[in-house]
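For reference, the structure is listed below as structure tokens.
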Amino acid sequence: MAGIRLHVIAPLVLMAVGKCARDASVYVRKCAANALPKLYDLRLEEHNSAIEEIVGILLNDHSPGVLGAAAAAFASICPNNFSLIGQNYQRLCEILLDVEEWGQIILIGILLRFVIAKHGLVRESIMFSLCCTESSNSEKDGSTTEISIKEDPGFLCGGNNFGLDVDVSGDNDLLASMVSRCYIERPDEYLSRSSYTNRGPELNVAQFTSGKSNNDVKILLQCTSPLLWSNNSAVVLAAGGVHWIMAPREDLKRIVKPLLFVLRSSSASKYVVLCNIQVFAKAMPSLFAPHFEDFFICSSDSYQIKALKLEILSSIATDSSISFIFKEFQDYVRDPDRRFAADTVAAIGLCAQRLPKTANTCLQGLLALTRLEFLSSDIGSVEGEAGVLIQAIMSIRSIIKQDPPSHEKVIIQLIRSLDSIKVPAARAMIIWIAGEYCSLGDTIPRMLTTVLSYLAWHFTTEALETKLQILNSMVKVLLCAEGEDLWSFKRVLNYVLELAECDLNYDVRDRARFLKKILSSNLNPQGLEEEANVSPQHKELSHVLAEHIFGGQTKPVSPEPMNCRFYLPGSLSQIVLHAAPGYEPLPKPCSLLHDDIDLSNACQGTNALESAKNSDFYDTDDHGSLSGSLDEESTSDYSRQDSITKSSVSSGGDGTGSANDDDDSVDLLIQISDVGNACENQNGFSHSGSADLRELISKRGLESWLNDQPGLSSASTSEPSEVSISTARISMGDIGRRVKTKSYTLLDPANGNGLKVDYTFSSEVSTISHHLVCVEVFIKNCSSEAMSDIFLQDDESSKGSYSADQTIVATDR
Amino acid sequence: MLEKQLTGHRVDRSICAWFWEQAISQGDSFKLQPVIASPTHYLFQVVREGITYLACTQVEMPPLMAIEFLCRVADVLSDYLGGLNEDVIKDNFIIVYELLDEMIDNGFPLTTEPNILREMIAQPNIVSKVLSVVTGNSSNVSETRPGATASCVPWRTTDPKYANNEVYVDLVEEMDATINRDGVLVKCEIYGEVQVNSHLSGLPDLTLSFANTSILDDVRFHPCVRFRPWESNQILSFVPPDGQFKLMSYRVKKLKSTPIYVKPQLTSGGGTCRVDVLVGIRNDPGKTIDSITVQFQLPHCILSADMTSNHGTVNILANKTCLWSIGRIPKDKAPSMSGTLVLETGLERLHVFPTFQVAFRVMGVALSGLQIDKLDLKNLPNRPYKGFRALTRAGEFEVRS
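If you read the protein sequences in the order shown, they are chains H and Y.
Here UniProt numbering is used: the first residue of the first sequence is 1, the next is one more, and so on.
Here UniProt numbering is used: the first residue of the second sequence is 1, the next is one more, and so on.
Listed below in structure tokens is the structure:
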């Protein structure tokens with residue numbers, strides 16, 4: 001009857017349900033419990049209290065059958081009314097085993113939330129380290145300005161560091177292995193797992209309860225542990241999640257085997273469980289390390305499962321197990337599924353980075369592989385082969401990057417193999433390696449002359465990306481070179497530049513012209529005397545600029561892209577990697593004491609804020625948070641995409657479009673970052689149409705700014721002039737983007753309403769300094785409503801945002 | 001397409017259209033994706049025997065719950081209708097709907113125990129079909145409300161009566177093994193199930209104990225199993241549901257050997273590849289090994305294959321799978337298969353190597369070595385008949401080449 005969605009009869013139904021809830025028959029009471037969510041769904045505000053009351057009655061029931069349904073009703077009606085649970089907590093725990101399986105899943109979640117709300121997190125558990133961070137961060141979170149959100153990553157890292165340090169001093173060895181991982185990943189987890197609206201500094205260590213002394217926690221853990229044997233994998237995972245969050249670290253072992261056993265059930269649940277294990281394994285590799293065999297791959301697994309298993313394997317590999325894992329990897333590389341083989345190669349690279357001891361073995365294997373693949377890549381037969389080869393070289397490069405001096409021989413071998421490798425992306429990468437490490441050791445510099453002339457010789461036959469890379473690398477070599485070589489390099493470069501200027505592709509032509517201009521002082525073989533007419537400042541500047549662009553760009557790269565966020569184990573959001581609607585993080589620890597005010601409000605606020613924060617946090621370049629969910633999805637895939645289509649990004653010729661990509665991949669690939677900059681600069685040229693001194697200077701500013709990003713973190717117009725103008729330069733590409741995003745999210749493109757932004761470079765010299773370029777930005781509100789809080793911001797505004805808010809007066813047309 | 005609206009908020013049918021579009025455009029890889037985020041909904045899918053079960057939500061929920069439930073629906077349906085395909089579903093539309101009605105309510109699983117469902121909705125049989133045709137009454141929902149939901153054993157039919165009480169316990173084991181290219185056994189473990197088929201009157205209480213529980217690596221139980229006795233004495237104590245059910249599943253890890261060996265050898269050169277596969281018995285389990293098959297997927301780069309064997313038959317199926325069914329291994333000779341694969345033009349040698357999947361069956365033996373000690377029954381009027389069986393078959397038994 002409750003299924004009849006008529007508002008008129010709702011009071012009648014409510015009465016009937018209330019009667020049934022006190023009925024003698026279990027079945028009737030169960031049905032009453034089932035009817036409650038339907039009633040609640042009618043959204044008649046006046047009945048809500050009555051419904052909640054009935055839920056309370058039903059939760060008081062002593063029959064397990066009723067409790068399951070009552071728990072479901074509770075979860076959908078009033079998930080934050082913890083007082084209802086509080087009355088029955090112990091009994092609910094005890095009866096949990098007898099509740100039907102579907103009810104168990106829900107009930108476990110409710111009990112977990114309740115315990116956390118009442119007692120806070122457990123001191124011995126893995127969540128503790130995380131929460132120290134929260135306390136140290138809490139002040140920063142309170143502020144809601146966009147800037148502070150953007151700075152969060154930085155602060156978080158600092159905060160984490162602090163939190164973990166504290167933790168390590170007082171905790172066991174297990175953590176030691178965890179620290180490094182936590183350092184990378186916890187910021188996200190922390191963002192997602194805890195609610196943090198206006199959290200004052202009230203959160204402190206006192207909010208943690210000891211699992212050993214607290215009865216409620218103990219009961220919950222005791223009652224959920226038999227559920228790990230359940231036949232229903234959802235129950236197993238839910239129980240596992242409780243242990244993961246609440247159990248002392250020593251006891252976490254017990255969830256491992258059941259979780260792994262679940263893998264034997266249907267392939268659909270296998271995928272879900274693996275997703276969760278992946279998170280566990282990353283946070284605490286030691287947990288799964290002894291069970292690496294379970295993640296060996298069967299040929300019947302689907303590709304997603306294979307990829308997940310590889311990722312887990314590479315994160316749990318230890319020195320003792322790595323040899324077995326490598327043996328397996330060797331087999332995988334020969335798998336007919338070439339996409340999977342390429343992933344395996346990438347996993348080898350990851351393993352080598354995690355365990356530096358094995359780097360040499362890995363490199364040998366990978367080199368052998370590149371040689372092996374020649375045979376097939378010669379013919380250029382299958383697309384997959386190229387993928388494997390590219391991936392192999394990428395892995396090699398990332399290993400080399402960790403410790404260049406000790407891998408000199410590998411670099412030499414790679415350069416030697418240049419002749420036989422035909423895949424353009426792979427060639428481009430080797431050339432990059434050659435350029436980047438051109439001054440390393442003794443042998444490489446001596447080889448360079450030959451290599452460069454070889455490249456020059458083949459220049460016309462190369463593919464686009466390789467051409468661009470050849471140009472870049474040559475400049476790098478040139479800048480490092482000295483003495484006798486310099487002259488020959490110059491000649492080679494001149495030759496190549498001339499070739500490039502006549503190239504069919506405009507990107508190559510652009511690049512060539514740009515380089516020529518920038519290096520005009522270096523390139524001129526006639527010597528310096530003839531440049532007397534050019535101001536000495538110019539010469540110096542351009543030289544410095546060139547050095548900045550091409551020299552010493554090896555910024556410390558963050559070891560892993562932070563592409564995973566974490567949600568509660570077993571939740572849908574964890575699988576799809578964005579907060580699904582209705583996703584609620586764990587309640588604030590110990591919030592129960594002073595809640596009951598209006599938690600629901602707070603929670604809604606939290607969710608909204610959270611999604612906003614997440615999206616901002618994720619896409620350092622600022623996509624609108626409205627389009628957030630989709631964007632996030634794509635970002636989570638970025639690392640893979642980038643690694644595969646990396647080459648295409650590196651060739652990204654059109655500055656505006658590639659600006660975004662470049663910034664995303666800055667962390668991943670250095671060479672992209674400098675290519676990207678070059679592109680930006682070119683873009684600058686084409687915009688202003690003249691390559692005069694000012695441009696060069698601003699570029700220098702840009703470079704210097706890029707180079708010491710971490711240094712300048714504050715955000716205001718009162719920055720040193722050079723910096724502020726450089727940011728302005730960068731934003732050229734972005735304003736266009738921002739307009740687009742705006743019109744997407746806020747405005748209706750069909751009607752032409754919205755924010756219109758035009759920008760031009762004015763020719764006048766800035767009044768502040770002649771180093772500055774004036775940019776005029778016209779912002780017009782085409783819609784009928786007023787707009788406020790419009791920011792002018794560049795892509796990397798996490799570090800410095802250019803201009804202050806500009807409030808716009810509403811003008812109709 | 002079968003649709004059941006569960007909540008008051010209608011889910012638009014267009015989501016199914018979207019799903020099919022995606023499924024068609026993306027092909028097989030899409031079918032293997034259990035959780036899909038569509039623009040408007042989250043979809044969960046389970047594919048069983050060519051039938052796709054979809055669940056759909058807009059809000060956060062445990063994804064495993066949806067997947068488990070879909071699996072359960074699939075199990076119940078195929079149990080009721082005796083195998084599932086499109087025609088069967090079309091013929092039994094009403095029953096399918098009734099079942100779905102009982103199994104889920106307002107998006108929350110309601111009654112999923114097959115025993116109870118059977119009590120509420122009669123299974124289709126010829127008599128009921130005739131009856132419904134004659135009387136024109138098509139409903140087969142029983143009028144009485146299920147008694148068991150009230151009892152403390154919600155999985156058991158209230159009061160079944162059998163003339164001769166029987167209980168059968170089967171150990172069904174699957175051996176998962178991976179043998180790598182060097183012929184080394186990388187992984188060998190057994191996944192086993194204790195399946196019980198009980199036809200017992202009244203409310204019996206059974207106790208099952210094993211001789212060697214120490215070999216069990218991990219276990220999972222049917223909800224009827226009481227946890228306490230297992231924790232303390234490793235004894236299974238339970239009140240069984242009626243009929244066939246899976247009492248427990250277990251895993252035995254790190255086994256040392258497999259009953260049969262498969263030795264593939266691939267040598268390639270000059271545009272062709274020579275394949276030789278040898279199969280033989282390594283450790284005789286004491287019973288005959290039968291239904292042995294070896295199959296492997298031919299790599300993409302192979303144009304044609306010509307395989308022969310000295311025992312059994314070799315088939316090359318349409319999807320480039322080569323299936324060699326051996327059956328039993330003869331006493332006098334070791335079965336072998338050999339042949340040549342012709343590679344794509346331009347390819348000198350084979351650089352990818354297929355994985356051979358092996359299937360076999362051994363009746364009467366549980367290869368893990370698990371032994372049932374005894375089965376005690378209480379609460380029964382007369383002495384029941386007890387039967388034990390064991391069976392081992394290959395699960396994911398793979399040999400890489």
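Cβ coordinates follow ideal geometry from the N, Cα and C atoms, glycine included.
In this text the structure is predicted, and so the values were computed from the model without any measurement.
Item checked: chain Y contact for Leu-14 of chain H (CB, 9 angstroms cutoff) -> Taking the first sequence and counting its residues from 1, the one referred to as residue 14 of chain H is at position 14. Chain Y contact via Cβ: absent.
Margin query: Helix, strand or coil for residue 816 of chain H? Go by DSSP, reduced to three states.
Written below: Since the first residue shown for chain H is 1 and the last is 813, residue 816 of chain H is missing from the structure and cannot be characterised.
Checklist line | Of the listed residues Y:Gly-107, Y:Val-169, Y:Lys-254 and Y:Tyr-162, nearest to Gly-364 of chain Y (C-alpha basis) | finding: Numbered from its first residue, the second sequence carries residue 364 of chain Y at position 364. Taking only the C-alpha atoms, the option nearest Gly-364 of chain Y is Y:Val-169.
Next item on the list: Kindly indicate which three-state DSSP category Pro-201 of chain H falls into: helix, strand or coil?
Entry: Translated into the one-based positions of the first sequence, residue 201 of chain H becomes position 201. Here the model assigns Pro-201 of chain H a pLDDT of 32, short of 50, so the residue's position is not dependable, and the following value carries that caveat. Three-state DSSP puts Pro-201 of chain H in coil, outside helix and strand.
Check: Does the beta carbon of Asp-242 of chain Y fall short of 8 angstroms from some heavy atom of the ligand SAM?
Finding: Among the components of this structure there are no ligands whatsoever, and the ligand SAM is therefore not found.
Notebook entry, point to check: Is any beta-carbon of chain Y found at less than 9 angstroms from that of Ala-69 of chain H?
Noted result: Counting from one through the first sequence, the residue named residue 69 of chain H turns up at place 69. True, the Cβ-Cβ gap to chain Y drops below 9 angstroms.
Check: Do we get a CB-CB distance below 9 angstroms when we pair Ile-15 of chain Y with the residues of chain H?
Finding: Numbered from 1 along the second sequence, position 15 holds the residue referred to as residue 15 of chain Y. False, the Cβ-Cβ gap to chain H never drops below 9 angstroms.
Item checked: Which listed residue (Y:Leu-341, Y:Leu-303, Y:Arg-220 and Y:Glu-231) has its alpha carbon closest to that of Ser-268 of chain Y -> Position 268 of the second sequence, counted from the start, is the residue given in the question as residue 268 of chain Y. Here the closest residue by C-alpha is Y:Leu-341.
Checklist line | Spatial neighbours of Val-262 of chain Y in its chain, beta-carbon cut-off 8 angstroms, leaving aside the 5 residues before and after | finding: To locate residue 262 of chain Y, count along the second sequence from 1; it is residue 262. Ile-179, Val-277, Leu-278, Val-279, Val-294, Phe-356, Val-358 and Val-399, listed in sequence order.
Note to self: Contact defined as beta carbons within less than 8 angstroms: I believe Gln-391 of chain H pairs with Ile-431 of chain H. What is the distance between those atoms, to the nearest angstrom?
What the structure shows: Numbered from 1 along the first sequence, position 391 holds the residue referred to as residue 391 of chain H. Numbered from 1 along the first sequence, position 431 holds the residue referred to as residue 431 of chain H. Their Cβ separation, rounded to whole angstroms, is 17 angstroms, which puts Gln-391 of chain H and Ile-431 of chain H out of contact at 8 angstroms.
Margin query: DSSP has residue 429 of chain Y in a bridge; who is on the other side?
Written below: Residue 429 of chain Y falls outside the range modelled here, since chain Y spans only 1 to 401, and no answer is possible.
Check: Are the C-beta of Phe-326 of chain H and some C-beta of chain Y separated by less than 9 angstroms?
Finding: Position 326 of the first sequence, counted from the start, is the residue given in the question as residue 326 of chain H. Closer than 9 angstroms: no.
Check: Taking Cβ positions, are residue 427 of chain Y and Leu-255 of chain Y nearer each other than 9 angstroms?
Finding: The requested residue 427 of chain Y is not part of the displayed model; chain Y covers only 1 to 401.
Item checked: 6 angstroms Cβ shell around Asn-310 of chain Y - same chain, five flanking residues per side excluded -> The count along the second sequence starts at 1 and reaches residue 310 of chain Y at position 310. Taken in chain order, the residues that qualify are Ser-336.
Checklist line | Sub-9 angstroms separation of Asn-165 of chain Y and Leu-380 of chain Y beta-carbons | finding: For the purposes of this step, residue 165 of chain Y is taken as the residue at position 165 of the second sequence. For the purposes of this step, residue 380 of chain Y is taken as the residue at position 380 of the second sequence. Yes. Within cutoff.
Notebook entry, point to check: In whole angstroms, what is the alpha-carbon distance linking Gln-671 of chain H and Pro-299 of chain Y?
Noted result: To locate residue 671 of chain H, count along the first sequence from 1; it is residue 671. To locate residue 299 of chain Y, count along the second sequence from 1; it is residue 299. Note on Gln-671 of chain H: pLDDT 32, under 50, position unreliable in the model; the coordinate value appears next. Their Cα atoms are separated by approximately 36 angstroms.
Note to self: Check this for me: beta carbons of Phe-326 of chain H and Lys-187 of chain Y, under 9 angstroms apart or not?
What the structure shows: Here residue 326 of chain H refers to the residue found at position 326 of the first sequence. Here residue 187 of chain Y refers to the residue found at position 187 of the second sequence. Their beta carbons are not under 9 angstroms apart, which means Phe-326 of chain H does not touch Lys-187 of chain Y by this criterion.
Margin query: Going by DSSP, what residue range makes up the alpha helix (DSSP H) through Phe-19 of chain Y?
Written below: Reading the second sequence from its first residue, position 19 is the one you call residue 19 of chain Y. Per DSSP, Phe-19 of chain Y belongs to the alpha helix (DSSP H) from 14-26.
Next item on the list: With a cut-off of 8 angstroms on the beta carbons, I'd call Ile-15 of chain Y and Ser-38 of chain Y a contact; round off their distance for me.
Entry: As a working note, residue 15 of chain Y is residue 15 in the second sequence. As a working note, residue 38 of chain Y is residue 38 in the second sequence. Ile-15 of chain Y to Ser-38 of chain Y, Cβ: 6 angstroms. Contact.
Item checked: Exposure of Gln-222 of chain H, with buried meaning 16 or more beta-carbon neighbours within 10 Å -> For the purposes of this step, residue 222 of chain H is identified with residue 222 of the first sequence, where counting begins at 1. Classification for Gln-222 of chain H: exposed.
Checklist line | 8 angstroms Cβ cut-off: residues of chain Y touching Trp-102 of chain H | finding: Position 102 of the first sequence, counted from the first residue, corresponds to residue 102 of chain H. Per Cβ cutoff of 8 angstroms: Met-65, Phe-69, Phe-108, Pro-109 and Thr-112.
Notebook entry, point to check: Counting along the chain, where does the beta strand (DSSP E) carrying Ser-304 of chain Y start and finish?
Noted result: Counted from its first residue, the second sequence places residue 304 of chain Y at position 304. Taken as a continuous stretch (DSSP letters only), the beta strand (DSSP E) holding Ser-304 of chain Y covers 302-309.
Next item on the list: Mark Glu-633 of chain H as exposed unless 16 or more other C-beta atoms lie within 10 angstroms of its C-beta, in which case mark it buried.
Entry: Residue mapping note: residue 633 of chain H aligns to position 633 of the first sequence, counting from 1. In this prediction, Glu-633 of chain H has a pLDDT of 38, which is less than 50 and means its spatial position is unreliable; what the coordinates show is noted afterwards. So Glu-633 of chain H counts as exposed.
Checklist line | Contact belief for Ala-177 of chain Y with Leu-185 of chain Y at Cβ below 8 angstroms, rounded distance in angstroms | finding: The sequence position of residue 177 of chain Y within the second sequence is 177, counting from 1. The sequence position of residue 185 of chain Y within the second sequence is 185, counting from 1. Correct: roughly 7 angstroms between the Cβ atoms.
Check: Beta-carbon of Lys-374 of chain Y versus every beta-carbon of chain H: anything under 9 angstroms?
Finding: For this step, residue 374 of chain Y is matched to residue 374 along the second sequence. No, because no Cβ of chain H sits closer than 9 angstroms to the Cβ of Lys-374 of chain Y.
Next item on the list: Using three-state DSSP, classify His-62 of chain H as helix, strand or coil.
Entry: Here residue 62 of chain H is taken as the residue at index 62 of the first sequence, counted from 1. Coil at His-62 of chain H, not helix or strand.
Item checked: Within chain Y, the residues that Pro-226 of chain H reaches when beta carbons sit closer than 8 angstroms -> In the first sequence, residue 226 of chain H corresponds to position 226, counting from 1. Under the 8 angstroms cutoff, chain Y gives Phe-227 and Glu-231.
Check: Does Asp-306 of chain Y have its Cβ less than 9 angstroms from a Cβ in chain H?
Finding: The residue given as residue 306 of chain Y occupies position 306 in the second sequence. With 9 angstroms as the cut-off, Asp-306 of chain Y does not count as an interface residue toward chain H.
Next item on the list: Determine the contact status of Ala-500 of chain H and Leu-455 of chain H, defining contact as a CB-CB distance below 9 angstroms.
Entry: As a position in the first sequence, residue 500 of chain H is number 500, starting the count at 1. As a position in the first sequence, residue 455 of chain H is number 455, starting the count at 1. Not in contact: Ala-500 of chain H and Leu-455 of chain H (Cβ atoms no closer than 9 angstroms).
Next item on the list: Give me the Cα-Cα distance between Gly-109 of chain H and Phe-227 of chain Y, rounded to the nearest whole angstrom.
Entry: Within the first sequence, numbered from 1, the residue matching residue 109 of chain H stands at position 109. Within the second sequence, numbered from 1, the residue matching residue 227 of chain Y stands at position 227. Spanning the two alpha carbons is a distance of roughly 21 angstroms.
Notebook entry, point to check: Which residues in the same chain have their Cβ closer than 6 angstroms to the Cβ of Ile-292 of chain Y, if we skip the five residues on either side of it in sequence?
Noted result: For the purposes of this step, residue 292 of chain Y is taken as the residue at position 292 of the second sequence. The answer, listed in chain order, is Ile-326 and Phe-360.
Next item on the list: Assign Gln-33 of chain Y to one of three DSSP states: helix, strand, or coil.
Entry: Position 33 of the second sequence holds residue 33 of chain Y. Correct three-state label for Gln-33 of chain Y: coil.
Notebook entry, point to check: Got a sec: is the Cβ-Cβ distance from Pro-264 of chain Y to anything in chain H below 9 angstroms?
Noted result: Here residue 264 of chain Y is taken as the residue at index 264 of the second sequence, counted from 1. No, Pro-264 of chain Y lies away from the interface with chain H (no Cβ there is under 9 angstroms from its Cβ).
Item checked: CB of Asp-216 of chain H within 9 angstroms of CB of Lys-282 of chain H, strictly -> Within the first sequence, residue 216 of chain H is the residue found at index 216, counting from 1. Within the first sequence, residue 282 of chain H is the residue found at index 282, counting from 1. No, these two residues do not count as a Cβ contact at 9 angstroms.
Note to self: Is it buried or exposed, Gln-364 of chain H, if we count other Cβ atoms within 10 angstroms and call 16 or more buried?
What the structure shows: For the purposes of this step, residue 364 of chain H is taken as residue 364 along the first sequence, with counting starting at 1. When all chains shown are included, Gln-364 of chain H counts as exposed.
Next item on the list: Leaving out five residues on either side along the sequence, give the residues of the same chain with a beta carbon under 7 angstroms from the beta carbon of Ser-395 of chain H.
Entry: Position 395 of the first sequence holds residue 395 of chain H. Same-chain partners within the cutoff: Val-345, Ala-346, Ile-348, Gly-349 and Leu-366.
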